[in-house]
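For reference, the structure discussed in these notes is given below.
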Amino acid sequence: MESLNYSISMAGTAAFAITAVLAVAPRGIDLFGVCVLGIVTAIGGGTLRDVILNVPVFWAADMNYIWVALAASVAAFLAQSLFTRKEMFALLLYIDGLAGALFAIQAADKVLALQFGLPLAPILLAIITAIGGGLIRDVLAGRQNLLMSREIYAVPVLFGSTLFVVAMAYIPQHRSLAGISCVLAIFAFRAAAIHWHWCIPDCLSTGPKTD
Amino acid sequence: MESLNYSISMAGTAAFAITAVLAVAPRGIDLFGVCVLGIVTAIGGGTLRDVILNVPVFWAADMNYIWVALAASVAAFLAQSLFTRKEMFALLLYIDGLAGALFAIQAADKVLALQFGLPLAPILLAIITAIGGGLIRDVLAGRQNLLMSREIYAVPVLFGSTLFVVAMAYIPQHRSLAGISCVLAIFAFRAAAIHWHWCIPDCLSTGPKTD
Amino acid sequence: MESLNYSISMAGTAAFAITAVLAVAPRGIDLFGVCVLGIVTAIGGGTLRDVILNVPVFWAADMNYIWVALAASVAAFLAQSLFTRKEMFALLLYIDGLAGALFAIQAADKVLALQFGLPLAPILLAIITAIGGGLIRDVLAGRQNLLMSREIYAVPVLFGSTLFVVAMAYIPQHRSLAGISCVLAIFAFRAAAIHWHWCIPDCLSTGPKTD
Numbered sequence: 018m019e020s021l022n023y024s025i026s027m028a029g030t031a032a033f034a035i036t037a038v039l040a041v042a043p044r045g046i047d048l049f050g051v052c053v054l055g056i057v058t059a060i061g062g063g064t065l066r067d068v069i070l071n072v073p074v075f076w077a078a079d080m081n082y083i084w085v086a087l088a089a090s091v092a093a094f095l096a097q098s099l100f101t102r103k104e105m106f107a108l109l110l111y112i113d114g115l116a117g118a119l120f121a122i123q124a125a126d127k128v129l130a131l132q133f134g135l136p137l138a139p140i141l142l143a144i145i146t147a148i149g150g151g152l153i154r155d156v157l158a159g160r161q162n163l164l165m166s167r168e169i170y171a172v173p174v175l176f177g178s179t180l181f182v183v184a185m186a187y188i189p190q191h192r193s194l195a196g197i198s199c200v201l202a203i204f205a206f207r208a209a210a211i212h213w214h215w216c217i218p219d220c221l222s223t224g225p226k227t228d
Numbered sequence: 018m019e020s021l022n023y024s025i026s027m028a029g030t031a032a033f034a035i036t037a038v039l040a041v042a043p044r045g046i047d048l049f050g051v052c053v054l055g056i057v058t059a060i061g062g063g064t065l066r067d068v069i070l071n072v073p074v075f076w077a078a079d080m081n082y083i084w085v086a087l088a089a090s091v092a093a094f095l096a097q098s099l100f101t102r103k104e105m106f107a108l109l110l111y112i113d114g115l116a117g118a119l120f121a122i123q124a125a126d127k128v129l130a131l132q133f134g135l136p137l138a139p140i141l142l143a144i145i146t147a148i149g150g151g152l153i154r155d156v157l158a159g160r161q162n163l164l165m166s167r168e169i170y171a172v173p174v175l176f177g178s179t180l181f182v183v184a185m186a187y188i189p190q191h192r193s194l195a196g197i198s199c200v201l202a203i204f205a206f207r208a209a210a211i212h213w214h215w216c217i218p219d220c221l222s223t224g225p226k227t228d
Numbered sequence: 018m019e020s021l022n023y024s025i026s027m028a029g030t031a032a033f034a035i036t037a038v039l040a041v042a043p044r045g046i047d048l049f050g051v052c053v054l055g056i057v058t059a060i061g062g063g064t065l066r067d068v069i070l071n072v073p074v075f076w077a078a079d080m081n082y083i084w085v086a087l088a089a090s091v092a093a094f095l096a097q098s099l100f101t102r103k104e105m106f107a108l109l110l111y112i113d114g115l116a117g118a119l120f121a122i123q124a125a126d127k128v129l130a131l132q133f134g135l136p137l138a139p140i141l142l143a144i145i146t147a148i149g150g151g152l153i154r155d156v157l158a159g160r161q162n163l164l165m166s167r168e169i170y171a172v173p174v175l176f177g178s179t180l181f182v183v184a185m186a187y188i189p190q191h192r193s194l195a196g197i198s199c200v201l202a203i204f205a206f207r208a209a210a211i212h213w214h215w216c217i218p219d220c221l222s223t224g225p226k227t228d
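Chains as they are written, first to last, in the working numbering: chain S, 18 to 228; chain U, 18 to 228; chain D, 18 to 228.
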């Protein structure tokens, strides 16, 4: 179980870094910038969470997160054409979604264990963990970030982490089961959004219509 | 006194969130993004301050800040046309100014109590508390932020918090009176700037003239 | 030795603030914004490092960093034409490079002393210390930052701090000598890049070619 958790974390860290590199590559960026943005995207969200929690950052105790993000960034730089192939990119998007789901529930679990700012902080920090790295990347790369798009990326995290917090209040003895279920629920929601190109409807958006 | 302080804090948190939503709404943003930016604007400055002070973030001990910011964001999303009415928007600007003044002096007071980086840190962190949330919002929304405008928003905070630090050095026994006076002084300066459309004069600016 | 270290730190703090003001001045910015961006650029990188390390920020114990950054920002605002003169600007670039080199090795040394996230964190945090303030400045000023350019600024820091970490693993008894050598190595690399207008070659960059 721990080992599966860890494997998905590492695959997810790599996926976060690779999708980051593919996102910024069209803007013209050198290998150094690629590595910085890959690492920042992969560990930025969790770092923000730990800084707000005032606990040691998670990667200080396990450098594998940095090594994997670095290796994935270099690989993505060297083999851009491989990763932008249609099937490969789709696969990456799903791994990225699964990893985001896992990181979010890991974050909610960590915040609950610290009894920090219940009941809202576990949900807020799950969202920050899942999307924080990508937001920092987009700000540094001068790209529009997902808060300003209608992509359905963070909303599944909101639902899943809320569900997890509620579950922990009522069935704390089933922590593992609740955790796995919520990760899968977030992933299923995100996968459906990717597959059917769902986006936030107009009635829940302001400003100019999209079509 | 405490209760008045708390009421203004909550009204100010709501005003920060509402003015944030009105600022980003024209760019086209969905309800999720609206809530994230509303909350970030309302609590971002104080969070930056507490992270730099290396103390627990203020909202972890009182979730009302988050609930109020969330409710105000949703309300602003649903009732944009109400809040953009001329008199209503003017009222919001004044509440926002009063809240910024209060948050700044609360911050200076907190930093002074911690004996952190005297004498400059209380002033710096008062400014960060008052404008930090808005800066993060503008960066995430891709808007020009107030550092790059000539709006007189932070300068009253600079004067008021400097005055408070000086007062605490000479008349520490009159902390409440000094605090209230400085909040009112900041607010009066800001209100005058809103009312008479004051902006920073050309001689104190670089680059292209505004007129 | 300590005193030389401190003198370079202060000259570097001033150089960071002055180059920041010169960088943002063409965008039209008032004296208040100039001071905020000057101070943020000068102390932002070290602040990020200390927040990630979860230790008190370095400037809380020595307000001279803030006073020097503030005075340098005001001076740069008042005497822009002096600092943009060709020889003066070149001098500033070299001082900025020397200061970045010193701040980076100071950071690596601090992280090594804390035994934090070895062996990668000293290198990562050296880079963050050297470029973090400039990145925050560019984000706040809406400028393209150096991650998206091909300027050779951070790569020397990467090499020099890696060298320092390796040296500390094998010859920890020669800490001062290793530190000085690595600062000089970074500075020499950076100075060469300034002098001969080196930039990252096309083969190490993505996207549109520069020529």
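Glycine is no exception: its CB is placed at the ideal position from the N, C-alpha and C atoms. Small disclaimer: the values here were computed from a predicted structure and weren't measured.
Contact criterion: CB-CB distance below 8 Å. Does residue 192 of chain S meet it with respect to chain U? Position 175 of the first sequence, counted from the first residue, corresponds to residue 192 of chain S. Cβ-Cβ to chain U under 8 Å: no for residue 192 of chain S.
Taking the DSSP output, what are the residues bridged to residue 216 of chain D? Translated into the one-based positions of the third sequence, residue 216 of chain D becomes position 199. Answer by DSSP bridge pairing, in chain order: D/168.
Does any C-beta atom of chain S lie closer than 8 Å to the C-beta of residue 217 of chain D? As a position in the third sequence, residue 217 of chain D is number 200, starting the count at 1. Yes, its Cβ sits closer than 8 Å to a Cβ of chain S.
Closer than 8 Å between beta carbons: that is the criterion. Which residues of the segment 149-166 of chain S meet it against chain D? Among the residues of the segment 149-166 of chain S, those with a Cβ less than 8 Å away from any Cβ of chain D are 156, 157, 158 and 159, in the order of the chain.
Per DSSP, residue 47 of chain D is paired with what? The residue you call residue 47 of chain D lines up with position 30 of the third sequence. U/222.
By the criterion of Cβ-Cβ separation under 7 Å, what are the contact partners of residue 222 of chain U in chain D? Sequence index remark: in the second sequence, residue 222 of chain U carries index 205 (1-based). For residue 222 of chain U, the C-beta contacts it makes with chain D under 7 Å involve 45, 46 and 47, in order along the chain.
Are three or more beta carbon pairs between the segment 40-56 of chain D and the segment 82-100 of chain D nearer than 8 Å? Verdict: yes, contact present.
Could you tell me if residue 188 of chain S is buried or exposed, where buried requires 16 or more neighbouring beta carbons within 10 angstroms of its beta carbon? Here residue 188 of chain S refers to the residue found at position 171 of the first sequence. By the neighbour-count rule (16 or more Cβ atoms within 10 Å), residue 188 of chain S is not buried but exposed.
For residue 69 of chain D and residue 142 of chain D, which I take to be in contact (beta-carbon distance under 8 Å), what is that distance rounded to the nearest angstrom? The residue given as residue 69 of chain D occupies position 52 in the third sequence. The residue given as residue 142 of chain D occupies position 125 in the third sequence. About 7 Å separates the two Cβ atoms, so the contact holds.
Leaving out five residues on either side along the sequence, give the residues of the same chain with a beta carbon under 6 Å from the beta carbon of residue 31 of chain S. Walking along the first sequence from the start, residue 31 of chain S turns up at place 14. Result list for residue 31 of chain S: 85 and 89, in chain order.
Contained beta strand (DSSP E) runs [length at least 3] in the segment 56-100 of chain D, N- to C-terminal order: With a minimum length of 3 residues, there is no unbroken run of beta strand (DSSP E) contained wholly in the segment 56-100 of chain D.
In the DSSP assignment, find the unbroken alpha helix (DSSP H) run with residue 33 of chain S in it and report its ends. As a first step, residue 33 of chain S is located in the first sequence; it is residue number 16 there, counting from the start. Segment 19-41, the alpha helix (DSSP H) holding residue 33 of chain S.
Could you pull out every residue in the same chain whose Cβ sits closer than 6 Å to the Cβ of residue 200 of chain U, ignoring the five residues on either side in sequence? Walking along the second sequence from the start, residue 200 of chain U turns up at place 183. So the list reads 118, 119 and 122, once near-sequence residues are dropped.
Start-to-end residues for the alpha helix (DSSP H) that takes in residue 123 of chain D: Residue mapping note: residue 123 of chain D aligns to position 106 of the third sequence, counting from 1. Residue 123 of chain D -> alpha helix (DSSP H) spans 103-130.
I'd like the list of long-range same chain contacts for residue 217 of chain D, defined as Cβ closer than 6 Å, with 5 residues on each side in sequence excluded. The residue given as residue 217 of chain D occupies position 200 in the third sequence. Only 167 meet the Cβ criterion.
Relative to chain D, which residues along the segment 67-80 of chain U have a C-beta separation below 8 Å, given in chain order? 68, 69 and 71
When you compare the segment 76-83 of chain S with the segment 169-188 of chain S, are there three or more beta-carbon pairs, one atom per stretch, that lie closer than 8 Å? no
Nearest chain D C-beta to residue 97 of chain S closer than 8 Å, yes or no? Position 80 of the first sequence, counting from 1, holds the residue named residue 97 of chain S. It does: the Cβ of residue 97 of chain S has a partner Cβ on chain D nearer than 8 Å.
At the level of alpha carbons, what is the spacing between residue 204 of chain U and residue 22 of chain D? The residue given as residue 204 of chain U occupies position 187 in the second sequence. The residue given as residue 22 of chain D occupies position 5 in the third sequence. Distance between the alpha carbons of residue 204 of chain U and residue 22 of chain D is about 44 Å.
Integer Cβ distance of residue 135 of chain S from residue 151 of chain S, believed to fall under 8 Å: Taking the first sequence and counting its residues from 1, one reaches residue 135 of chain S at position 118. Taking the first sequence and counting its residues from 1, one reaches residue 151 of chain S at position 134. That belief does not hold up - the Cβ atoms of residue 135 of chain S and residue 151 of chain S are roughly 26 Å apart, past 8 Å.
Chain-ordered residues of the segment 170-188 of chain U with a beta carbon less than 8 Å from chain D: Of all residues in the segment 170-188 of chain U, only 171, 172 and 175 come within less than 8 Å of chain D when Cβ atoms are compared, listed by chain position.
For residue 183 of chain S, count neighbouring C-beta atoms within 10 Å of its own C-beta (all shown protein chains included) and say buried if the count is 16 or more, exposed if not. Working through the first sequence from its first residue, we reach residue 183 of chain S at position 166. So residue 183 of chain S counts as exposed.
How about residue 223 of chain U and residue 138 of chain D: do their beta carbons lie closer than 8 Å? Position 206 of the second sequence, counted from the start, is the residue given in the question as residue 223 of chain U. Position 121 of the third sequence, counted from the start, is the residue given in the question as residue 138 of chain D. For residue 223 of chain U and residue 138 of chain D, no; Cβs fall outside 8 Å.
Under a CB-based cut-off of 8 Å, is residue 35 of chain S close to chain D? For this step, residue 35 of chain S is matched to residue 18 along the first sequence. So, not an interface residue.
Identify every run of the alpha helix (DSSP H) within the segment 129-200 of chain S, keeping only runs that are complete inside it and at least 4 residues long; order them along the chain. Taken in chain order, the complete alpha helix (DSSP H) segments of 4 or more residues contained in the segment 129-200 of chain S are 138-158 and 171-187.
Taking the straight line between their C-alpha atoms, what separation do you get for residue 110 of chain S and residue 38 of chain S? Residue numbering aside, residue 110 of chain S sits at position 93 when the first sequence is read from its first letter. Residue numbering aside, residue 38 of chain S sits at position 21 when the first sequence is read from its first letter. Rounded to the nearest angstrom, the two C-alpha atoms are 13 Å apart.
Hey, how far is the Cα of residue 173 of chain D from the Cα of residue 206 of chain D? Counting from one through the third sequence, the residue named residue 173 of chain D turns up at place 156. Counting from one through the third sequence, the residue named residue 206 of chain D turns up at place 189. Cα to Cα, residue 173 of chain D sits roughly 6 Å from residue 206 of chain D.
In this structure, how does DSSP classify residue 228 of chain D when only helix, strand and coil are distinguished? On the third sequence, position 211 is the one that residue 228 of chain D refers to. Residue confidence for residue 228 of chain D is low, a pLDDT of 42 falling below 50, so the modelled location carries little weight; the figure read from the coordinates is stated next. Note: residue 228 of chain D maps to coil in three-state DSSP.
Take the Cβ of residue 194 of chain D as the centre, count every other Cβ of all protein chains shown within 10 Å, and call the residue buried at 16 or more, exposed below. As a first step, residue 194 of chain D must be located in the third sequence, where it is residue number 177. Exposed: under 16 other Cβ atoms inside 10 Å.
Note down, in chain order, all residues in the segment 102-133 of chain D with a beta-carbon under 7 Å from any beta-carbon belonging to chain S. 133
Should residue 210 of chain U be flagged as near chain D, meaning a C-beta pair shorter than 8 Å? Taking the first residue of the second sequence as 1, we reach residue 210 of chain U at position 193. Cβ-Cβ to chain D under 8 Å: no for residue 210 of chain U.
Just to make sure I have the definition right: I need the residues of chain S whose C-beta is within less than 9 Å of the C-beta of residue 85 of chain U. Which are they? As a working mapping, residue 85 of chain U is identified with position 68 in the second sequence. Neighbours of residue 85 of chain U in chain S, taken as residues whose beta carbon is under 9 Å from its own, are absent, since the nearest beta carbon is some 11 Å off.
Whose C-beta lies closer than 6 Å to the C-beta of residue 155 of chain U among residues of the same chain, with five residues either side of it excluded? Position 138 of the second sequence, counting from 1, holds the residue named residue 155 of chain U. Excluding residues within five positions, the ones whose Cβ falls inside 6 Å are 162.
Confirm, please, whether the CB-CB distance from residue 148 of chain D to residue 28 of chain D is below 8 Å. Position 11 of the third sequence, counting from 1, holds the residue named residue 28 of chain D. Position 131 of the third sequence, counting from 1, holds the residue named residue 148 of chain D. Cβ distance not < 8 Å, so residue 28 of chain D and residue 148 of chain D don't count as in contact.
Of all the options U/33, U/210 and U/212, which has the alpha carbon lying nearest to the alpha carbon of residue 82 of chain U? For the purposes of this step, residue 82 of chain U is taken as residue 65 along the second sequence, with counting starting at 1. Residue U/33 is the option with its Cα nearest to residue 82 of chain U.
Identity of the residue in U/24, U/50, U/19 and U/169 nearest residue 157 of chain U by Cα: Indexing the second sequence from 1 puts residue 157 of chain U at position 140. The shortest C-alpha to C-alpha distance from residue 157 of chain U to any of U/24, U/50, U/19 and U/169 is the one to U/50.
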